[in-house]
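S.K.: Residues 82 to 219, numbered by this note's numbering, are exactly what the sequence shown covers, in order.
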Amino acid sequence: MNVNSWKSYEEWLEILPESIKDDPLWRLEAYRKSLFLSDLAWLDCEKLVGNPLGQARMSQLLRSSGSVAANVEEGYGRGFGKDYARFLRIAIGSARETRGWYWRSRHALELEVVNHRMNLATEIIRMLTIIADQQRKR
């Protein structure tokens, strides 16, 4: 399967390299979904690039969506507890920002796409909030 030919989360999971799936961090569903959101944002930006008004949103959307997984990765690599919770809170902020950039891009993307991405970001926020609260109490 071509790395950009997936149509669903399940198909996307199939194209990921084992080096990502073998990492203990892979067990965290919020991490998996945040990587998926980042890939979706990349594909959505391919649509925004053709719209002069959408171009201004592209770098913000790519930066914020990529930051979600990146902060989960960095925090996980530093161990558990309050420091990890701090990185998770940053990831939550990035997920909220991503959700906002999708809303602001609704004029250039299909509303169904925008709603899907916003719902996915909300799901990630909920999952990360639970984990961050648990880590903060450690």
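By construction, the Cβ of each residue, glycine as well, lies at the ideal position given by its N, Cα and C atoms.
Bear in mind the structure is a predicted one, so any value in this text is a computation, not a measurement.
Run through DSSP, which three-state label would Val149 get?
M.R.: Here residue 149 corresponds to residue number 68 of the sequence shown, with the count starting at 1. Helix at Val149.
S.K.: According to DSSP, is Gly181 helix, strand or coil?
M.R.: The residue labelled residue 181 in the question sits at position 100 within the sequence shown. In this structure, Gly181 counts as helix in the three-state DSSP scheme.
S.K.: For Lys218, which three-state DSSP category applies?
M.R.: The residue labelled residue 218 in the question sits at position 137 within the sequence shown. Coil, per DSSP.
S.K.: If contacts are defined as beta-carbon pairs under 8 Å, then Ser146 and Thr179 qualify, I think. What distance do you get, rounded to the angstrom?
M.R.: The residue labelled residue 146 in the question sits at position 65 within the sequence shown. The residue labelled residue 179 in the question sits at position 98 within the sequence shown. Correct: roughly 5 Å between the Cβ atoms.
S.K.: Using a Cβ-Cβ cut-off of 7 Å (strictly less than) and excluding sequence neighbours within five positions of Ile206, which residues of its own chain qualify?
M.R.: What you label residue 206 is simply residue 125 of the sequence shown in a count that begins at 1. Contacts found: Ile173, Ala176 and Arg177.
S.K.: Using only alpha-carbon positions, find the residue among His197, Ile211 and Ala189 that is nearest to Pro133.
M.R.: Reading the sequence shown from its first residue, position 52 is the one you call residue 133. Of His197, Ile211 and Ala189, the residue nearest in Cα terms is Ala189.
S.K.: List in chain order: all unbroken beta strand (DSSP E) runs of 3+ residues lying wholly within the segment 93-131.
M.R.: none
S.K.: Leaving aside the five residues before and after Ala213 along the sequence, list all residues of the same chain whose C-beta is less than 7 Å from its C-beta, in chain order.
M.R.: In the sequence shown, residue 213 corresponds to position 132, counting from 1. If we look at Ala213 and ignore the five residues flanking it on each side, its Cβ neighbours are Ala166, Leu169, Arg170 and Ile173.
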